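Report on one structure; see the data block that follows.
Number of protein chains: 2
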Amino acid sequence: MARLNHLFSKLSQSYLFPEIEKRIAAFQNAHPDSRPLLDLGLGDVTEPIAPSIIAALCKASLEMGQLNSFRGYGPSEGYPFLREAIAKHDYVDLGIHPNEVFISDGVQGDMGHFQELFASDSKIAIQDPTYPLYLDSNIMAGRTRTLLKTGRYGGVTYLPCTEDNGFIPSPPQSAVDLVYLCHPNNPTGTPFSREMFKKWIDYAKTHRAVLLIDGAYSAFITDPKIPRSIYEIEGAQEVAVEFRSFSKSAAFTGLRCSYAIVPHALRLFDFGATHSLHALWKRRQDTKFNGVAYPIQKAAEAVYSEQGKKEVRAQIRRYLEQAELLHHGLTTLGMTVYGGTNAPFLWVKTPPKTSSWELFDHLLHEQQIITVPGQGFGQKGEGFIRFSTFAKPGSLIEALARFQSNSSFLAGASG
Amino acid sequence: MARLNHLFSKLSQSYLFPEIEKRIAAFQNAHPDSRPLLDLGLGDVTEPIAPSIIAALCKASLEMGQLNSFRGYGPSEGYPFLREAIAKHDYVDLGIHPNEVFISDGVQGDMGHFQELFASDSKIAIQDPTYPLYLDSNIMAGRTRTLLKTGRYGGVTYLPCTEDNGFIPSPPQSAVDLVYLCHPNNPTGTPFSREMFKKWIDYAKTHRAVLLIDGAYSAFITDPKIPRSIYEIEGAQEVAVEFRSFSKSAAFTGLRCSYAIVPHALRLFDFGATHSLHALWKRRQDTKFNGVAYPIQKAAEAVYSEQGKKEVRAQIRRYLEQAELLHHGLTTLGMTVYGGTNAPFLWVKTPPKTSSWELFDHLLHEQQIITVPGQGFGQKGEGFIRFSTFAKPGSLIEALARFQSNSSFLAGASG
């Protein structure tokens, strides 16, 4: 008799984003004549893909229709042309070899799957708040104990990201095996400094832990003092895997292309010998993954052309300008606002005695504005709400006007 | 201290196709002046994607560059337009609802991941020989015991596919939980009959087992008496999940698009209640998968247009004509040949006292022809070699000529 993986029943009832979609749909069904919703929440880009990237996508698509240029199965780890472009442009002088770059169809999938390489009783540490995937994929794999009344799971080391520590956690006293660090963190919009990364690398070496760095938003880091990659800090290649994506840096959310850096220097001691995580990931991918579409890899390659670079930098600049505008507008209303300078997210305090889901529902029902409740990212996300700066320019201005009309409610939020 | 998932060490040293690639590369390095290799082995298509599909791919690619038509994240389960086209065209009158269709980027991934929904001590049954993924993904998940001297794993129910049973196995006497059936089977090229599917449905109902049907090659079924889908047989929706792909039916191996049918009627009894596999798969996909690229889903939709249908049918007809030609050529040489009429594979006996890897190496070194050794698909694959009919037409004629020149060696193969 086939039985279920009972671990699925430990997952919280519904994943954050589908829950948000459900509430939006319910509102729209109940209020078919409502003014248009303004989306300042969901983390999807709004600008279309840049012209030079579309040109490369179309050119490669046409190649797929010609006998002499058609390509079938590609390497599961991606085509050399893209692996080389990434190593050359994104890791200048950092000693990352193209062979250490694995192309994939999303950081979501890669970070969900990477835990498969480790023992089922590995101890994990995650930021609180952070993106729900890291925890959920480990719940499904059996690395958590009971769900406590606090909303946290037993057996997990939570790393609080609070106003007190500037939303960046130090390593814990205890030993863990796998550490998920999001840089800059989604939802708080805060990046790690060189010093904090150094602390984590030292911790990982001491405890032989592996750091899994989610760099999906690293393209938004503009402060030259903040490292874009953990590999800018010495010793990182021995302890860290870094995941990045073209989703937010080049508007690929609807095209799906990402990459993972798995350095050869990262070796695990186990069974009385050292083992290469690189070899293990290659084996995993060869077995369960068939690579990314050729035209999409060619589109990703075009991100690194002179014209492509110019275009995607301009996009990111516009999103960051919007972040500044939104930051200013919300601060003027008296709200306490974090993030938004090295990340596309603002992390905003809720008014006193207002939970983050309450503020979400209030903004949806009263102002027809979509946000993301901080509580959906962890216990320490309660009391905050996430705004993203991917809003369409018109929406942003209109949203600020709507906020103005309701400023008395929101103003209570000032710390 | 991070430790490895020790289950990976139970996997055979290297996955079949990378091992083949390695041997080919070694041959090419040692013989840089060799005449060109003829690939009659690897299961990749050779004809380019049909014109009407390329047109849809380019059109949708251009949409991604315009503000008013750009699409970011899509539903993890795929866009309604494609789910509806699949339900309407591939499951005519079979009662499959679009909501039961999940779009994905490959049968490889879907069938590798689907086992995650089941208890870790589930008993699995696989055909022998068959595609290695089913076994490997379950080894990684801990559902096998020791690797025996026979090359088989303890705890797995192997279903022999031999000349004696026409390469289609009956259900076993014992109870298992998950059954992987490949229809038509890769590598033997043999499909299940209605009667054999009926037997398996009855077995699944009796033992509350789940059937996982790999229909990646179902488009090659031309005999009207053979069911294309297991859902043509009554009761299948209560016990079977079916996986299909555009890879071989429409040359999408380099584009990546597939789908899984997870019927609402398929319910599991566990924890004293019944549960929906559909809901569980949706939760898994929402967590770890972000959907297939929009332009590729539009390309897949075009497969079902009048023009698209005409073009892909013609492609399949040409591949099947090549199968016939190869079948005839090999038979004329005195070899014993199976498959090739409802599948793109021929399953050919090796000469006496010649193992399948020996014949593979012989054909590579002496004739510069690439095949796939049957042993790579399981113990009962020993003594056979797989030819595919995706070869380029010129290659096929040339290969037959090369065989002629070596007919004395191959002729020994006749039963």
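Here the protein sequences line up with chains A and B, keeping their order. For the first sequence, our numbering gives the first residue as 1, with consecutive numbering after it. For the second sequence, our numbering gives the first residue as 416, with consecutive numbering after it. From the three backbone atoms N, C-alpha and C, an ideal C-beta is built for every residue, glycine too. Computed from a predicted structure; not experimentally measured.
Spatial neighbours of K503 (chain B) in its own chain (CB-CB distance under 6 Å, excluding positions within 5 residues in sequence) are not present. Using a CB distance cut-off of 8 Å, V210 (chain A) counts as an interface residue toward chain B. Its chain contains H327, L330, T331, L346, V348 as the residues whose beta carbon lies nearer than 7 Å to that of V337 (chain A), once the 5 sequence neighbours on both sides are disregarded; these appear in chain order. With respect to the 8 Å criterion, D629 (chain B) and M526 (chain B) are classified as neighbours on the basis of their beta carbons. Contact annotation for T756 (chain B) against chain A: no contact, minimum CB-CB distance about 23 Å [criterion: below 7 Å]. The beta carbon of A534 (chain B) falls within 8 Å of a beta carbon belonging to chain A, placing the residue at that interface. Interface criterion not met: the Cβ of C161 (chain A) is under 8 Å from no Cβ in chain B. Among the residues of the segment 284-317 of chain A, those with a Cβ less than 9 Å away from any Cβ of chain B are R284, D286, T287, K288, F289, N290, G291, V292, A293, Y294, P295, I296, A299, in the order of the chain.
Looking only at A:D93, A:S229, A:P98, A:L212, the smallest Cα-Cα distance to P80 (chain A) is reached by A:P98.
Within the same chain, Cβ atoms closer than 8 Å to the Cβ of R23 (chain A) are found at F360, D361, L364, the five residues on either side in sequence being excluded. Counting only unbroken stretches of 4 or more residues, the alpha helix (DSSP H) elements lying wholly within the segment 43-126 of chain A are 51-63, 80-90, 107-114, in sequence order. In the DSSP assignment, H690 (chain B) falls within the beta strand (DSSP E) that extends over 688-691.
When DSSP states are grouped into helix, strand and coil, I785 (chain B) belongs to the strand group. The C-beta of G793 (chain B) comes no closer than 8 Å to any C-beta of chain A. Look at R3 (chain A) here: in three-state DSSP terms it is coil, with no helix or strand label. Burial is judged here by how many other beta carbons sit within 10 angstroms of a residue's own beta carbon; Q443 (chain B) has fewer than 16 and is exposed.
Assignment of beta-bridge partners to S660 (chain B) by DSSP yields B:S673. With its beta carbon less than 8 Å from one in chain B, F8 (chain A) belongs to the interface. For Y549 (chain B), no Cβ of chain A is located within less than 8 Å of the residue's own Cβ.
Every beta strand (DSSP E) of 3 residues or more that sits fully in the segment 673-740 of chain B is shown, in chain order, as 673-676, 682-685, 688-691. For L670 (chain B), the residues of chain A that pass the 8 Å Cβ criterion are M64, A293, Y294, P295, in the order they occur in the chain. The Cβ-Cβ distance between A540 (chain B) and N5 (chain A) does not fall below 8 Å. Residue-level contact by beta carbon holds for P18 (chain A) and chain B, with a gap shorter than 8 Å. The alpha helix (DSSP H) runs lying completely inside the segment 537-611 of chain B and spanning 4 residues or more are 548-555, given in chain order.
For S552 (chain B), the chain A residues whose Cβ falls inside 8 Å of its Cβ are T287, K288, in order along the chain. Scanning A:A175, A:F167, A:T150, A:G381 for the CA closest to the CA of T157 (chain A) turns up A:A175. In this structure, the CA atom of R699 (chain B) is about 15 Å from the CA atom of D520 (chain B). For the options B:Q481, B:E462, B:T461, B:P463, the alpha carbon positioned closest to that of A55 (chain A) is the one of B:Q481. Counting C-beta pairs with one atom in each stretch, the segment 208-222 of chain A and the segment 160-178 of chain A have three or more that are closer than 8 Å, which means they touch.
R386 (chain A) has A:W347, A:V372 as its beta-bridge partners, per DSSP. Looking at the DSSP output, L212 (chain A) bridges to A:Y180, A:V241. Of B:L748, B:Q542, B:P759, the smallest CA-CA separation from K795 (chain B) is found for B:Q542. Among the CB atoms of chain B, none fall inside 8 Å of the CB of S170 (chain A). Annotation: G566 (chain B) to G791 (chain B) spans about 11 Å, alpha carbon to alpha carbon.
Between the alpha carbons of T274 (chain A) and P433 (chain B) lies a distance of about 23 Å. Annotated as distal: G142 (chain A) and F704 (chain B), with beta-carbon spacing of 8 Å or more.
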